[in-house]
Every structure is written in structure tokens, then in C-alpha cells.
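Colleague: Could you have a look at this structure, given as C-alpha cells, before my questions?
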Amino acid sequence: MTTEARPWPRRAFIEEQSHGRMEPEMRLLLEGLHARHIPTETFTAKRLERRQLPLAPDTLVAGYVPTVLGALKQLGIEPPPTHDYPPSLAPYLHRRLWTSTVRQLTSHLLDVSSTPVFAKPQGRRKRFTGHVFQSADDLLFLERASHTTPLICSDVVRWRSEYRVFVVHGDAVGIRHYAGDAEVALDLPRVHEALQRLEAAGEATAGYAVDFGVLDTGETALVEWNDGFSLGAYGLEATSYTALTAARWCELTGLGPPRP
């Protein structure tokens, strides 16, 4: 990791909902940014849509995914591609992965001899959440999706525990358990090996998180990669969460990675 001074946003806009309600992650950012004496202001998505915010590359915008992407669009910045399963991390999947469509999945489910499949929409347009499809009864989950909606599918596996690993400039700054048995621990050398592989392949961003879990076979496996904005914190402390979010924003807007 480079030790050169890295820029931080000059100011920040943090999304709130109606009546002053705010996601826990946004409160973490307020805390972290205030600790660095960075001026912050809360806003609603409607203000952004009406172009009432003085956006700039050095002004962090944090909120839900559509909000951040909308801010980038107003700045003339293309949204980053989604890489839920980076090629360099393929050896850590421990399951078969393939692309499909809602039409193909429907056809599969109508076959009474079909095997269960895990499927989720490909890209950021989440017409439904990831789900294990076992029979035609599960077609209810596809009601909002067109037949041409692209999917990512995988064999069904059993997770004993799941964790999120938070990374800033190649360094893991926190690990938080979020599902399953917290007594079932990750193989940390395996996790760090995966992170090094991701960085060496040039597929990492300045701030991101990778979800890993332990399978019923005892193997530590990749769940998915997550970009470093609009990211669930799962109880990560404010300093690290703020550094991660700021790092990714500065990278997206061309300011370069923020100093640790």
C-alpha cells in the first residue's frame, strides 16, 4: 500500500429519508466525517433529482445505490461495472456458476425433475433478491422480472456462517459476522490469500467489501464481492467505514485514493 498523502472529500452530502430518518450507515458517515472536521449536510433523494445540490468531484455523496449513481451521472461519470464474482476469485467459489435468463430459469423450474438453483439478477437492477428456486411454486419471486432479465445462477450450497471483510487500499480494516453460526470461523489465511490475488489481478477498487462464508464441507468460500459505496456496515466502526466510503468516492470521481 502506498504511503503518499491521499485526498479526502472537501465536504459531503449524506442522504436522509423523510422526517429526518436515516440509515445506520449514514449515521456512521456523519460521525466519521465530523471527526475529520469535514463539513456535512443531509439531503433527500428528491433534492438530488431536482438538481438542487451543488455537486462536485470533491464533495462526497452517500446514500442508497440509485442516489449515488444519480449523483455520478450528474457529474458526467459513468457508473462502475458490477463484479459480484471477480475472475481472480473463481478458485474460492467452491460451486458452479453460470449466466442465464428468467425465461431459462422458468423453463428449468417447470421440469419436475429439475434440481434446485440459486439465482439473482445480474447487474444493479434488482427485480428480486437472490433466492433458492426449487420448484414452479417459486416462480412467484419472478413476477416483477421480464423473461429477458439476465441472471447469475449457481449450485445450491449450505452456508454455516457468513462474514463481510472490509478493505481500504488493499488492507482489511474489519471483519463482521452477519449470518449463520458466529462460532464457525473463517480460514483467515485463505481470506487474505484471496484479497492478495484480487489486488494482484487489478480487480480491486480503492474501497470494497468481500463476503466470505464457511460451507458445510468446512471450506471457506467466496459469497460475493461488493463495491465500496452504499455498503452495509454490519456494525463496522465509523472511522473504517468512512475511510472506505471516501476512498471509493475519490477513486470514482478521479480525485485519487484518500489517505488512511
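Last residue of the sequence shown: number 260 in full-length UniProt numbering, and the count goes up by one each step with no gaps. The beta-carbon is built from N, C-alpha and C at its ideal position, and this holds for glycine as well. Fair warning: this is a prediction, and the values are worked out from it, not measured in the lab.
For residue 13 versus residue 59, is the C-beta spacing smaller than 8 Å?
Modeller: yes
Colleague: Is residue 21 helix, strand or coil by DSSP?
Modeller: coil
Colleague: Within 10 angstroms of its Cβ, does residue 244 collect 16 or more other Cβ (buried), or is it exposed?
Modeller: buried
Colleague: So, residue 230 versus residue 63, is the Cβ gap smaller than 8 Å?
Modeller: yes
Colleague: Use the C-beta contact count for residue 1: other C-beta atoms within 10 angstroms, 16 or more gives buried, fewer gives exposed.
Modeller: For residue 1, the predicted model reports a pLDDT of 44, less than 50, meaning its position is unreliable; a value from the coordinates is still stated below. Residue environment for residue 1: exposed (fewer than 16 other C-beta atoms within 10 angstroms of its C-beta).
Colleague: Do you know whose CA, among 56, 234, 47, lies nearest residue 27's CA?
Modeller: 234
Colleague: Can you tell me where the alpha helix (DSSP H) holding residue 224 begins and where it ends?
Modeller: Premise fails: residue 224 lies in the beta strand (DSSP E), 220-227, not in any alpha helix (DSSP H).
Colleague: For residue 81 and residue 227, I'd like the C-alpha separation in whole angstroms.
Modeller: 9 Å
Colleague: What are the start and end residues of the beta strand (DSSP E) that includes residue 266?
Modeller: Absent from the model: residue 266. The displayed extent of the chain is 1 to 260, so no value can be given.
Colleague: In chain order, what residues of the same chain lie with their CB nearer than 6 Å to the CB of residue 134, ignoring the 5 residues before and after it?
Modeller: If we look at residue 134 and ignore the five residues flanking it on each side, its Cβ neighbours are 116.
Colleague: For the 8 Å Cβ check, are there 3 or more pairs between the segment 137-144 and the segment 171-187?
Modeller: A contact between stretches requires three or more CB pairs, one per stretch, nearer than 8 Å, and the segment 137-144 fails this requirement with the segment 171-187.
Colleague: Going by other Cβ atoms of all chains shown within 10 Å of its Cβ, with 16 needed for buried, is residue 3 buried or exposed?
Modeller: With a pLDDT of 40 at residue 3, under the threshold of 50, the modelled position of this residue cannot be trusted, and the question is left open.
Colleague: How is residue 310 classed by DSSP in three states: helix, strand or coil?
Modeller: With the chain covering 1 to 260 only, the question about residue 310 has no answer from this structure.
Colleague: Which of the three DSSP states is assigned to residue 138 in this structure?
Modeller: helix
Colleague: Compute the distance between the beta-carbons of residue 113 and residue 203, then report whether it is under 8 Å.
Modeller: The answer is no: Cβ separation not under 8 Å.
Colleague: Which word fits residue 255, buried or exposed, when buried means at least 16 other C-beta atoms lie within 10 angstroms of its C-beta?
Modeller: By the neighbour-count rule (16 or more Cβ atoms within 10 Å), residue 255 is buried.
Colleague: Determine the contact status of residue 206 and residue 237, defining contact as a CB-CB distance below 8 Å.
Modeller: no
Colleague: State buried or exposed for residue 54, treating a residue as buried only when at least 16 other CB atoms are found within 10 Å of its CB.
Modeller: exposed
Colleague: How is the beta strand (DSSP E) around residue 208 delimited, first residue to last?
Modeller: 207-215
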